[in-house]
Every structure is written in C-alpha cells, then in structure tokens.
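**Student:**
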Amino acid sequence: MRSDAATVAGWGRVSAPGREVRSDDLVRLTDGAVLSRGLGRSYGDSSLPPPAVREVAGTALADRVLAFDPATGRLRAEAGLSLHALTGMLLPRGWFVPVTPGTAFVTLGGMVAADVHGKNHHVDGCFGAHVEALRLRVADGRIVDCTPERDGDLFRATVGGMGLTGHILEVAFRMQRVPSAWIESESVRAAGIDVLLAELERSSAAWPFTVAWADGVAGGARLGRGIVHRGRWAEPGEAPAGAPAPPRPVRVPCDLPGRTLNRTTVGLFNAALYRRHGRSGRREVQSPYRFFYPLDRLADWNRLYGRRGLTQHQCVLPPERGPAAVRDLLELLARRRACVCLCVIKNCGNEGAGTLSFPRRGTSVAIDLPIDDGTQALVDALNERVIDLGGRIYLAKDAFTRAEHFRAMEPRLDCWTAVRRRWDPELRLRSAQSVRILGDPA
Amino acid sequence: MNAVLLGATRGMGRALARLLVARGDALCLLGRDPAELERSARDLQVRGALAAPPPAFPCDLARPETFAPALDAAAESLGRLDVVVVTAADFAVQTVLESDPDRARALATVDFANTVGFCEHARQILLSAGGGTLCVFSSVAGDRARSSVVLYGAAKAGLSAYLEGLDHRYHRQGLRTVCVKPGFVRTGMTAGLDPPPFAGDPDRVARRVARAIDRGRPVVYAPAVWRWVMLVVRHLPRAVMRLR
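So the sequences go chain by chain: A and B.
All residue numbers for the first sequence refer to my numbering, where the first residue is 6 and numbers rise by one.
All residue numbers for the second sequence refer to my numbering, where the first residue is 167 and numbers rise by one.
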C-alpha cells in the first residue's frame with residue numbers, strides 16, 4: 006500500500022524522499038525519530054528529513070489542550086495543536102495568541118521551533134517571549150521539561166532552534182486577553198520605498214500591529230511603492246458583538262503552469278492592488294482572520310507557483326544603515342529583474358532570548374520568488390548583500406542559502422551549536438536543512 | 167444529551183467528543199489508559215468551557231470484566247444515559263494478522279465478540295431507562311470482504327450484522343442503533359497507509375455522526391461518498407475481487 010516514490014515537501018514544494026508518520030502519541034512517535042514537523046508550513050527544507058533518513062514524525066494529530074486558566078491565560082497543550090483550532094476555540098471567549106505568524110495553519114510546536122514573529126514584533130517580540138515551559142524529547146530519548154530557568158540553555162536553544170535540539174512535545178505559554186474579537190485597522194498608500202518605510206516607522210510608534218506590502222516589481226521612482234497596514238484590537242464599543250467565523254477557504258484546484266506568475270502578471274496585479282486602494286487612507290473594523298491571515302483564504306496558494314514551487318527570502322537588516330539598506334536590496338532585485346511575487350516589509354523590535362531566533366532590531370524584508378534555474382544565483386546574490394549589510398536570514402523560509410553564507414551571517418551559531426552538542430553529541434536530530442546549512446551528517 | 171464514549175481519547179472518537187462537548191452535551195469517557203483519559207478529559211474541559219473535566223472510567227475492550235462496572239459508573243455519574251458511543255477497536259493490516267495467529271484471534275475477539283459484549287451491557291442499561299441510542303463504529307470493510315482486510319473486515323461484518331439485528335429487535339422499544347461505516351479516515355489508526363481517493367478527516371466524520379445520532383439514522387457512511395463507493399464494490403464480481 007506504500008509507494009516507494011513518496012516524498013515530503015515544505016510549503017514552497019521543495020521536497021525530499023521519505024514520508025511523514027503521524028500519531029496522536031508523540032512520546033511513542035518521537036522515539037528514535039530524527040525530526041518532527043507540524044503542518045509543514047515552513048517554506049523550505051526545515052521540516053524535511055536528512056537524505057539518509059526516510060521518515061519524519063508528524064505531530065498534527067497530537068492536538069489536545071492540557072490546561073487553560075481563564076484567570077491568567079496560561080495554556081498548556083500538545084505540540085500539534087494548530088493555531089487555527091486554538092483561535093476558533095478561544096477567540097470567542099476573548100483570548101488570542103500573544104504573537105501570530107501570517108498563517109493560522111501552524112502548530113504550537115512549529116511556532117516555537119521557528120520562534121515565529123508577527124505584525125506586533127516591535128512591541129511584543131517573538132512567540133518564544135511568551136512561552137513559559139516546553140516538554141521535549143531530547144536526542145538520548147529522555148523527556149525533559151525546560152523553562153527559561155530550568156535547563157535554560159536548552160530552552161533558549163529550542164526557541165528558534167528549528168526542532169534540532171529536541172522533539173517538542175508540549176508547549177506552555179500565556180494567551181493574551183483581547184477587548185473584542187475584531188481588529189480596528191487602517192491602511193495608507195505610499196508612492197515609493199522611502200515614504201513607505203517612514204510611514205511604517207511612524208505607524209509603529211502608535212499601533213501594535215504594523216506591516217507593509219510593497220510592489221516588488223515596480224521600478225524607478227515607483228520602487229518599493231506599497232501599502233502600510235496597521236491595526237489594534239477594537240474596543241467593545243467599536244466592534245460588532247460576538248466573534249467572526251473563520252472564513253471558508255477557497256481551494257486552488259490544481260497546479261497552475263509554472264510561468265503563470267511572471268513579472269508581467271505580477272506587475273499588473275500589483276498595479277491594480279495599488280490603484281484600488283486609492284490615495285486616501287482607509288479605516289475599517291475587520292476580522293482578525295482577514296487582518297492576520299489574508300492568504301489563508303486561498304487554500305493551497307502555493308499551487309499558483311506551479312510544480313517547481315516557490316521560495317521566500319526573508320532577511321532582517323539592522324537599523325544602522327537605515328532605509329538605504331532596504332532600497333539597496335530592492336534595487337538589486339530590480340537590476341536582476343527578479344520575479345518578486347510578494348514583498349512584505351516589517352520593522353522589528355529587539356532580539357529575543359532564542360539563541361538562534363531570527364528577528365533583531367531593524368527592518369525585515371520578505372520576498373516570494375517562483376523557483377527556476379536562476380533561483381540559486383539570485384539567493385546567493387541576496388545573501389551576499391545581506392552579509393554586507395550586517396543582516397541575517399530566517400531559516401523557516403529558506404531552501405537555498407549556502408552554509409558559508411549562513412555562517413557569515415550568524416555569529417551566534419557557535420553558542421547555539423555548543424548547547425546543541427551538549428544535548429545531542431552525535432547530532433542524531435537533524436533535518437535536510439541542517440545537513441545543507443550546518444553541515445550535519447546526512 | 168448525556169453521552170458515554172468508549173475510545174474517545176483519539177481519532178474519530180476524539181473529534182466526536184469535541185463536537186458534542188462544544189454544543190453542550192454532558193460526556194463521560196471510557197478507555198483503557200487512565201493517563202490518556204485524563205489528558206482527553208482536560209482537553210474536553212477547556213473546549214467545552216466546563217468547570218471540571220468530564221468523568222472518566224477505565225474500560226478495556228480486551229477485558230470484558232471491565233464493561234459492566236464502567237458503564238454502571240458512567241450511568242451513575244451522568245444520572246441518565248441517552249447515548250452510548252463505541253469508537254474503540256483493534257486494527258492491524260492483513261499481513262501482520264496472518265503471520266501472528268494470536269494477534270488475529272485477539273483482533274477478532276476485540277472487534278467482534280467483546281464489542282458485542284459491551285453493546286449488550288449498554289443495550290440493557292438504555293432499554294431499562296426507556297430507550298436511547300447505541301452508536302457503534304463499524305467499517306466499510308464489513309460491507310464486502312476484501313483481500314487486504316480479511317480478518318478485520320470479517321469482524322466488522324459481524325458487528326454490522328449484530329447492530330442491524332438489534333435495530334430490528336428493539337427499535338419499537340425505543341432503542342436506536344447507529345452503525346457508522348467510516349471509509350478511509352486520516353487518523354492515527356491509518357497513519358502510514360497511503361490514503362486512497364475520498365479519504366476523510368475526523369472532524370467531518372464527527373459532524374455526520376452527530377447528525378445521525380440526533381436523527382436516529384441506523385446506518386451512516388462517512389465520508390458520505392463511501393455509500394456509493396461501497397454500493398459498487400458490493401456488486402463487483404468475485405473475479406474482480408480476486409485480482410488484488
């Protein structure tokens with residue numbers, strides 16, 4: 006019944022031979038496993054097994070809430086619980102996660118492993134900042150409960166550690182009380198990158214949620230034109246009663262031909278989006294599903310990119326070089342005529358406690374690229390620029406970064422590796438990504 | 167309504183328990199592993215916003231002596247039973263069962279003889295209170311014998327026939343039987359098997375089953391398309407069934 010040609014794929018459709026084995030019993034499932042994965046929403050090869058291993062443990066069936074205290078918001082759950090399920094359960098009761106990524110189809114375990122950040126990074130940091138305890142199965146088979154205090158080195162190496170320090174079995178964190186189940190939002194248009202960044206910066210002083218969409222293919226004076234979105238939880242008086250229902254996603258029925266998304270089609274789409282917004286600012290009370298997860302309305306949107314899939318290059322550039330650094334990156338993309346299908350810019354707050362966690366103070370730039378024969382060269386060029394600018398990349402999105410580039414970006418790597426080696430001297434826990442980027446044994 | 171569920175710590179039973187608790191039904195869990203029962207009870211407590219976790223009692227389909235005490239304890243804790251649901255069962259692929267006669271006998275015992283034994287207790291309790299619903303998860307594998315599930319299918323065929331017989335015999339006295347026939351559903355039980363076309367997911371199965379319980383429908387296929395798939399499969403000539 007089992008096909009030999011089975012593959013496991015990341016969201017960007019980069020795949021590896023092997024299969025995902027799911028079980029609701031994580032303790033049994035992770036015994037001897039080299040890697041766990043949640044819902045497979047990391048774009049690259051973070052959740053794929055290393056070449057010599059043909060199985061990866063899937064946690065999505067382990068989705069029980071083990072405790073929730075409505076007085077404090079403390080919640081403990083199995084690692085496979087999805088953000089989508091959690092939101093459906095607790096948003097109607099006035100609770101939301103303190104930090105959410107741009108999709109609800111992630112698990113708590115994945116949120117810890119990637120130490121996800123969201124539109125509120127400039128005020129609330131990463132998800133890991135709100136995690137109080139983790140239960141892990143470490144490489145020697147033991148089950149370890151760690152907190153920032155107890156085995157704090159393991160805790161911090163695991164937050165943002167891409168699942169390489171132990172299988173995450175349970176997560177305990179604090180939910181956040183929200184005044185209503187709706188978002189009061191505003192958006193403003195910006196004609197070019199400098200205005201966009203200035204508007205983003207200004208918004209962040211007053212709003213807890215900010216993000217900018219930029220037209221990644223417009224050039225010249227229009228380079229980096231876009232729309233800044235900002236929001237906050239609506240007060241009860243401003244919002245409809247009750248909670249919004251999660252939208253029913255529309256499915257993309259099949260893979261589109263590989264060249265459907267190109268600079269022309271994307272340019273037309275972006276121009277329409279930009280023009281439709283209008284010159285003046287917009288204000289509305291909207292569902293948090295729409296505000297936080299606009300792409301979740303289109304299930305399987307990765308199929309738009311065709312069979313070869315997509316990769317995202319997300320980097321964070323330090324503030325010292327200012328807006329010029331972002332402009333620099335966009336100019337490089339324009340020069341190479343890269344097909345930037347989506348470009349999202351966000352300003353980040355301070356670095357969190359996760360030893361290898363992605364965000365740091367500065368500006369994060371994420372660009373979605375269809376994979377083609379030139380992708381490797383383009384990512385190399387981007388990474389060389391990121392190194393020059395003193396930035397770093399987000400492993401949860403990556404499938405192409407070279408080991409030497411990653412090392413050059415990450416002075417924290419030695420510190421993280423030391424902790425990892427202490428808990429896993431033989432490097433039993435590993436992924437396709439760790440083999441590629443960290444030089445782990447295949 | 168008050169519902170007792172045997173096997174609700176995982177898979178389709180877990181999904182059904184979540185659906186029932188979210189709509190306000192009072193639940194009692196039965197299962198063989200106390201630690202698992204406790205974790206599931208706490209999950210249901212949060213999902214149902216309950217003051218306390220639903221009661222849970224040990225009950226193991228492999229140990230018939232646990233049936234009566236568990237059901238009695240459940241009836242006592244809930245006050246009255248409206249629905250008894252059985253999702254628990256044993257499963258193994260045919261190749262494993264063929265190479266291990268003890269395992270094969272155990273599966274036939276658990277999935278047929280002991281499940282029937284449990285249902286007999288449940289039937290008596292429900293009838294003595296004037297009626298109720300007995301909802302048992304059989305399988306499409308019981309609709310037509312197939313080479314890949316000879317033993318499992320035979321046990322489920324027996325179970326389906328038993329439930330139909332109960333319906334014929336006790337319907338007038340107020341007993342409603344719901345025989346659920348899931349097709350391939352993506353749960354821990356089927357993890358590692360390649361999902362065929364029409365594979366279902368536990369939450370959708372739960373919604374169908376809850377509706378069937380509410381309406382007292384004697385047979386429910388889940389996902390629904392399996393009713394038509396099995397209509398065809400039941401009429402395939404023997405020569406075709408021998409091909410695989």
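Where is the CB? At the ideal position from N, CA and C, for every residue including glycine.
Please read these numbers as outputs of a predicted model, since none were measured by experiment.
Using the beta-carbon of each residue, which ones in chain A are nearer than 7 Å to Val212 (chain B)?
**Tutor:** Taking the second sequence and counting its residues from 1, the one referred to as residue 212 (chain B) is at position 46. Per Cβ cutoff of 7 Å: Val70, Phe73.
**Student:** Name, please, each residue of chain B whose Cβ falls closer than 7 Å to the Cβ of Met94 (chain A).
**Tutor:** Looking up residue 94 (chain A) in the first sequence gives position 89. Residues of chain B passing the Cβ test: Arg213.
**Student:** Asp367 (chain B) touches chain A at which residues, Cβ-Cβ below 9 Å?
**Tutor:** Counting from 1 along the second sequence, the entry for residue 367 (chain B) is found at position 201. Under the 9 Å cutoff, chain A gives no residues; its nearest Cβ is about 11 Å from Asp367 (chain B).
**Student:** Let me know the beta strand (DSSP E) ranges lying completely inside the stretch 103–169 of chain A, each 3 residues or longer, listed in chain order.
**Tutor:** 136–142, 148–151
**Student:** Looking at chain A, is there any beta carbon in it that lies within less than 8 Å of the beta carbon of Ser206 (chain B)?
**Tutor:** Indexing the second sequence from 1 puts residue 206 (chain B) at position 40. Residue-level contact by beta carbon holds for Ser206 (chain B) and chain A, with a gap shorter than 8 Å.
**Student:** Is Leu341 (chain B) near Gly298 (chain B), with beta carbons less than 8 Å apart?
**Tutor:** Your numbering for residue 341 (chain B) matches position 175 in the second sequence. Your numbering for residue 298 (chain B) matches position 132 in the second sequence. Result yes, Cβ atoms of Leu341 (chain B) and Gly298 (chain B) sit closer than 8 Å.
**Student:** Suppose only complete runs of 4+ residues qualify. What are the alpha helix (DSSP H) ranges in the stretch 240–325 of chain B, listed by chain order?
**Tutor:** 260–265, 267–274, 281–294
**Student:** Please name the residue, chosen from A:Leu71, A:Glu83, A:Gly78, A:Asp260, that lies closest to Arg182 (chain A) on a Cα-to-Cα basis.
**Tutor:** Indexing the first sequence from 1 puts residue 182 (chain A) at position 177. The candidate whose alpha carbon is nearest that of Arg182 (chain A) is A:Gly78.
**Student:** Determine the direct distance from the alpha carbon of Gly357 (chain A) to that of Arg27 (chain A), and round the result to whole angstroms.
**Tutor:** On the first sequence, position 22 is the one that residue 27 (chain A) refers to. On the first sequence, position 352 is the one that residue 357 (chain A) refers to. Those two C-alpha atoms are separated by around 32 Å.
**Student:** Do the CB positions of Gly123 (chain A) and Gly43 (chain A) come within less than 8 Å of each other?
**Tutor:** Position 118 of the first sequence holds residue 123 (chain A). Position 38 of the first sequence holds residue 43 (chain A). No, they are not a contact pair.
**Student:** Could you tell me if Ala21 (chain A) is buried or exposed, where buried requires 16 or more neighbouring beta carbons within 10 angstroms of its beta carbon?
**Tutor:** Numbered from 1 along the first sequence, position 16 holds the residue referred to as residue 21 (chain A). Classification for Ala21 (chain A): buried.
**Student:** Should Asp301 (chain A) be flagged as near chain B, meaning a C-beta pair shorter than 8 Å?
**Tutor:** As a first step, residue 301 (chain A) must be located in the first sequence, where it is residue number 296. With its beta carbon at least 8 Å from every one in chain B, Asp301 (chain A) lies outside the interface.
**Student:** Which residues bound the alpha helix (DSSP H) around Leu209 (chain A)?
**Tutor:** The residue you call residue 209 (chain A) lines up with position 204 of the first sequence. Note on identity: in this sequence residue 209 (chain A) is Ser, with Leu being the wrong assignment. Looking at the DSSP string, the run of the alpha helix (DSSP H) that includes Ser209 (chain A) is 198–211.
**Student:** With distances taken between CB atoms, is the gap from Val70 (chain A) to Leu53 (chain A) smaller than 8 Å?
**Tutor:** The residue given as residue 70 (chain A) occupies position 65 in the first sequence. The residue given as residue 53 (chain A) occupies position 48 in the first sequence. No, these two residues do not count as a Cβ contact at 8 Å.
**Student:** Applying the 10 Å Cβ sphere with the 16-neighbour rule, what's the burial state of His410 (chain A)?
**Tutor:** Locating residue 410 (chain A) in the first sequence gives position 405, where the first residue counts as 1. Classification for His410 (chain A): buried.
**Student:** With a threshold of 8 Å between beta-carbons, can Gly173 (chain B) be considered close to chain A, or not?
**Tutor:** Counting from 1 along the second sequence, the entry for residue 173 (chain B) is found at position 7. Any Cβ of chain A closer than 8 Å to the Cβ of Gly173 (chain B) would place that residue at the interface, and such an atom is absent.
**Student:** Is the distance from the Cβ of Arg454 (chain A) to the Cβ of Pro103 (chain A) below 8 Å?
**Tutor:** Absent from the structure is residue 454 (chain A), since the part of chain A shown begins at 6 and ends at 447.
**Student:** Please confirm if Arg46 (chain A) has its CB atom under 8 Å from at least one CB of chain B.
**Tutor:** The sequence position of residue 46 (chain A) within the first sequence is 41, counting from 1. False, the Cβ-Cβ gap to chain B never drops below 8 Å.
**Student:** Are Cys344 (chain A) and Asn267 (chain A) close, meaning C-beta to C-beta below 8 Å?
**Tutor:** In the first sequence, the residue the question calls residue 344 (chain A) occupies position 339. In the first sequence, the residue the question calls residue 267 (chain A) occupies position 262. Remark: C-beta atoms of Cys344 (chain A) and Asn267 (chain A) approach each other more closely than 8 Å.
**Student:** Please report the straight-line C-alpha distance between Arg177 (chain A) and Ala67 (chain A), rounded to a whole angstrom.
**Tutor:** On the first sequence, position 172 is the one that residue 177 (chain A) refers to. On the first sequence, position 62 is the one that residue 67 (chain A) refers to. Looking at the sequence provided, one finds Ala at residue 177 (chain A) rather than Arg. Cα-Cα distance, rounded: 15 Å.
**Student:** Note down, in chain order, all residues in the stretch 373–392 of chain B with a beta-carbon under 8 Å from any beta-carbon belonging to chain A.
**Tutor:** Listed by position, the residues of the stretch 373–392 of chain B near chain A (Cβ gap below 8 Å) amount to none.
**Student:** Of all the beta strand (DSSP E) runs that stay within the bounds of the stretch 215–289 of chain A, which reach a length of 3 or more residues?
**Tutor:** 231–238
**Student:** Check whether the Cβ atoms of Gly349 (chain B) and Trp392 (chain B) sit closer than 8 Å, and answer yes or no.
**Tutor:** For this step, residue 349 (chain B) is matched to residue 183 along the second sequence. For this step, residue 392 (chain B) is matched to residue 226 along the second sequence. In contact: Gly349 (chain B) and Trp392 (chain B) (Cβ atoms closer than 8 Å).
**Student:** Tell me whether Leu86 (chain A) sits in a helix, a strand or coil according to DSSP, three-state version.
**Tutor:** Here residue 86 (chain A) refers to the residue found at position 81 when the first sequence is read from its first residue. Leu86 (chain A) falls in the coil class under three-state DSSP.
**Student:** Any idea which residues DSSP pairs His3 (chain A) with across the strands?
**Tutor:** Lying outside 6 to 447, the shown extent of chain A, residue 3 (chain A) is not represented and no answer is given.
**Student:** Report yes or no: do three or more beta-carbon pairs, one from the stretch 197–208 of chain A and one from the stretch 229–237 of chain A, lie closer than 8 Å?
**Tutor:** With the cut-off at 8 Å, the stretch 197–208 of chain A and the stretch 229–237 of chain A touch.
**Student:** Are the CB atoms of Asp173 (chain A) and Leu139 (chain A) nearer to each other than 8 Å?
**Tutor:** The residue given as residue 173 (chain A) occupies position 168 in the first sequence. The residue given as residue 139 (chain A) occupies position 134 in the first sequence. Rather than Asp, the amino acid found at residue 173 (chain A) in this sequence is Ile. Yes, the pair counts as a contact, with Cβ atoms nearer than the cut-off.
**Student:** Just the C-alpha distance for Glu206 (chain A) and Arg287 (chain A), rounded to the nearest angstrom, thanks.
**Tutor:** Taking the first residue of the first sequence as 1, we reach residue 206 (chain A) at position 201. Taking the first residue of the first sequence as 1, we reach residue 287 (chain A) at position 282. CA-to-CA, the gap between Glu206 (chain A) and Arg287 (chain A) works out to about 18 Å.
**Student:** Write down every uninterrupted run of the beta strand (DSSP E) in the stretch 183–235 of chain B whose length is 3 residues or greater and which is fully enclosed by it, in chain order.
**Tutor:** 192–197, 222–224
**Student:** Across which residues does DSSP place Lys351 (chain A) in a beta bridge pair?
**Tutor:** Locating residue 351 (chain A) in the first sequence gives position 346, where the first residue counts as 1. DSSP output for Lys351 (chain A) lists A:Ser369 as bridge partner(s).
**Student:** Would you list the residues sitting across from Asn168 (chain B) in a DSSP beta bridge?
**Tutor:** If you number the second sequence from 1, residue 168 (chain B) lands on position 2. The partner list for Asn168 (chain B) (beta bridge, DSSP) reads B:Ala192.
**Student:** When you check each C-beta in the stretch 176–201 of chain B against every C-beta of chain A, which residues fall closer than 8 Å?
**Tutor:** Arg176, Gly177, Arg180
**Student:** Excluding the 5 residues preceding and the 5 following Tyr310 (chain A) in the sequence, name in chain order all residues of the same chain whose CB lies nearer than 7 Å to its CB.
**Tutor:** Counting from 1 along the first sequence, the entry for residue 310 (chain A) is found at position 305. Leu266, Pro375.
**Student:** Using the Cβ count rule (16 or more neighbours within 10 Å means buried), how would you classify Gly225 (chain A)?
**Tutor:** Counted from its first residue, the first sequence places residue 225 (chain A) at position 220. Exposed, because fewer than 16 other Cβ atoms sit within 10 Å of the Cβ of Gly225 (chain A).
**Student:** Anything in chain A within Cβ reach of Gly354 (chain B), meaning under 8 Å, just list it in chain order.
**Tutor:** Counting from one through the second sequence, the residue named residue 354 (chain B) turns up at place 188. Result: Arg27, Ser28, Asp29, Asp30, Leu66.
**Student:** Out of B:Arg198, B:Ser265, B:Gln339, B:Ala169, point me to the one whose CA is closest to Ser243 (chain B)'s CA.
**Tutor:** Position 77 of the second sequence holds residue 243 (chain B). Answer by Cα proximity: B:Ala169.
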